[in-house]
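Below is one structure, written out as structure tokens; the observations come after it.
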Amino acid sequence: MTSCSIALDIGTGSTRAAAMGRDGRVLKVASREYQQIVPAYGWSEQRATDWWDAACAALKEVTDWTRVHGLKVDVLAPCGQMHGTVMVDDDGHPTRPNVALWNDKRTLDYVRAFEGSQDCAAWLPYTANPPTPAWPAFKLQWLRDNDPDAWARCKTVLMPKDYVNLMLTGERSMDWTDAACSFLMDPQTGDWSDKVLDVLGLDRARMAPIRLPTEILGHVTNAASAATGLAQGTPVLVGGGDFPIALLGSGVSRPGLASEVSGTSSIITLVTEKPVLDLEISNIGTPGGNWGAFVLLESGGDAARWARRVFHDNELSYAQIMSMAKEAAPGSDALFFLPYLVGERLGKHRNSRAQFFGLAAGHGLPQMHRSVLEGVGFAVNRHLQVLERATGTRPEMLIASGGGAKADLWLQIKAAIYDRPILIPEEAECGLVGCAALAAVATGNASDLNEASRQTVRHAREVHPDPRWVDHYAQMQPVFDRLYTVSQQFYDDLDALAAPATKDPL
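In the working numbering, the protein residues as written are 6 to 511.
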């Protein structure tokens with residue numbers, strides 16, 4: 006009987022299950038959607054039980070398909086959204102029905118308290134990361150202080166895919182890619198940091214054991230078999246966070262390789278042997294045991310979405326907007342766009358703003374749309390330069406994935422701004438391919454993840470920089486950088502002006 010693996014991706018918008026061939030091709034995929042819950046401004050939650058229900062339904066559809074087509078499932082490899090902080094009791098039930106997600110900002114006061122009382126740079130060797138509201142460490146502080154009953158009943162802290170793994174196997178763990186950017190793992194030992202746990206007032210006993218993504222966590226239980234259609238005893242891997250697993254599935258598997266994941270945000274990642282200790286840089290663990298130093302632009306694709314809504318009330322397609330932008334000359338006739346529509350994640354200027362600079366009577370929608378695309382490119386390139394200065398490494402190319410990798414004009418603009426080629430994976434579902442690579446190692450079909458990546462990842466095309474555009478954009482980048490720096494002095498003033506008046510005007 007021909008065999009396959011199953012990839013399971015617990016995402017923010019949906020859970021997807023896929024039957025995967027040994028060559029990394031998607032044979033069959035099923036998905037089930039669910040919603041985010043926003044009970045207050047800055048909060049973002051989901052029900053852990055929704056993930057399990059969606060996983061059961063998607064897995065049932067895929068396992069039914071594998072049986073019809075005579076395929077044997079060798080192993081299940083999971084990945085999932087990161088930083089969502091699930092607390093479960095002795096019986097594996099969530100102690101709090103809703104889980105704070107990666108984009109939940111309720112912990113901002115805890116982050117500010119840490120920044121105000123600690124030398125953040127001195128903590129980098131113990132955390133590998135600067136503080137940010139996304140990290141589970143600060144979510145746990147909030148839960149401890151604001152839901153003491155749920156905290157008292159918490160036996161184990163898990164991430165979203167770990168909760169689904171618990172439901173599948175009865176086993177508890179957290180993989181090292183998730184643990185590495187929890188703000189609680191010591192990057193030198195790969196274990197939980199007593200030093201950080203103590204200063205934050207958290208309990209090591211509640212933290213799940215840290216294991217590697219390619220390890221077999223356990224096997225599908227009888228109850229999980231009935232719910233999912235997986236055969237009882239099917240091996241389930243520890244798996245990893247969706248971002249590092251997608252990096253693997255795009256071909257970014259070893260030190261020196263770099264990635265741009267362009268979705269709502271844009272994330273630039275450089276694989277390194279050790280974490281890069283810099284207050285402007287975050288670090289994740291990679292499935293192969295290295296580190297992914299990354300910087301993030303909060304509004305990458307979101308800037309194009311904003312322009313479509315504001316200029317066209319969402320009535321034009323993105324293809325029509327790209328066609329309009331193509332009419333403008335490179336550089337948009339000296340029009341700049343700073344794309345900081347939702348601020349920044351790190352640093353002193355989380356309250357940064359977007360702006361057009363250089364508007365003149367001769368500018369129109371083609372120039373404005375193109376400047377939005379170019380502005381994201383300049384902002385990403387600024388981040389890329391931060392990474393390069395910190396590491397002393399200049400990647401020869403970038404591997405692009407996400408929705409932004411489908412827009413040809415945007416890829417051409419970025420290749421010229423970055424002044425290097427951009428590779429695009431053949432399979433857009435890089436997370437599913439990364440899961441297939443994990444499965445290849447676990448089943449002995451590949452000796453390590455580098456070999457597994459070569460077996461499962463193919464690149465469809467390569468976008469080369471146009472030398473004429475390169476020269477023009479090279480003159481614009483320093484101007485963009487100066488605008489970025491000079492504008493910072495106004496952000497607090499804008500906050501004050503935007504604050505609601507406390508009294509009615511006379």
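From the three backbone atoms N, C-alpha and C, an ideal C-beta is built for every residue, glycine too.
Computed from a prediction, not measured in an experiment: that's the story for all the values here.
| Asked | Found |
| --- | --- |
| Segments assigned alpha helix (DSSP H), at least 4 residues, entirely inside the segment 49-122 | 53-73 and 113-122 |
| Best match in G97, R101, Q123 and P138 for proximity to V116 [C-alpha to C-alpha] | P138 |
| CA-to-CA distance, T461 to P44, given in whole angstroms | 41 Å |
| Beta-carbon proximity check, G18 vs W56, cutoff 9 Å | no |
| Stretch-stretch touch, CB-based, cutoff 8 Å, three pairs: the segment 207-227 with the segment 160-170 | yes |
| P249 (DSSP reduced to helix, strand or coil) | helix |
| Start-to-end residues for the beta strand (DSSP E) that takes in V162 | T161 to L163 |
| Minimum C-alpha distance to A479 - residue among V162, E379 and F188 | E379 |
| CB contact flag (A501, L392, <9 Å) | no |
| Straight-line Cα distance separating T132 from K200 | 10 Å |
| Neighbour-count burial assignment, E265, 16 or more Cβ in a 10 Å radius | buried |
| Coil, strand or helix - I272 by DSSP | strand |
| Delimiting residues of the alpha helix (DSSP H) encompassing K33 | Not the alpha helix (DSSP H): K33 falls in the beta strand (DSSP E), residues V31 to E38. |
| Member of L428, S458 and C440 whose CA lies at the smallest distance from the CA of R466 | L428 |
| Candidates K144, T7 and G293, of which the one nearest A24 by Cα | T7 |
| Contact set for D79: own chain, Cβ-Cβ below 6 Å, skip 5 residues either direction | S8, S10 and T448 |
| Span of the beta strand (DSSP E) around N3 | Absent from the structure is residue 3, since the part of the chain shown begins at 6 and ends at 511. |
| For I250 and H388, the rounded distance between their alpha carbons | 22 Å |
| Sheet register partners of A22 (DSSP bridge) | L13 and A35 |
| Alpha-carbon spacing of A127 relative to K144, whole angstroms | 22 Å |
| Check: N455 C-beta below 8 Å from any heavy atom of the ligand MG | Judged by which ligands are present, the structure shown has none, so any question about the ligand MG falls away. |
| Unbroken stretches of the alpha helix (DSSP H), 4 residues or longer, contained in the segment 190-269 | 199-205, 227-233 and 247-255 |
| For S187, three-class secondary structure by DSSP | coil |
| Inter-residue spacing [alpha-carbon to alpha-carbon] between S328 and E349 | 29 Å |
| Inter-residue spacing [alpha-carbon to alpha-carbon] between F316 and R375 | 13 Å |
| Whole runs of the beta strand (DSSP E) within the segment 342-387, excluding any shorter than 3 residues | 360-362 |
| Under 9 Å between C-beta atoms of P83 and A184 | no |
| DSSP bridge partner residues for T7 (one or two, in chain order) | L76 |
| Integer Cβ distance of P344 from A359, believed to fall under 8 Å | 6 Å |
| Helix, strand or coil at P430 [DSSP, three-state] | strand |
| Sheet register partners of W296 (DSSP bridge) | T277 and G290 |
| Cα-Cα separation, M190 to G245 | 15 Å |
| Helix, strand or coil at R466 [DSSP, three-state] | strand |
| Span of the beta strand (DSSP E) around A447 | Segment C435 to A447 is the alpha helix (DSSP H) holding A447; no beta strand (DSSP E) there. |
| Residues near Y423 by beta carbon distance below 6 Å, same chain, minus five either side | N386 |
| Touching by the beta-carbon criterion (3+ pairs, under 8 Å), the segment 173-184 and the segment 215-232 | yes |
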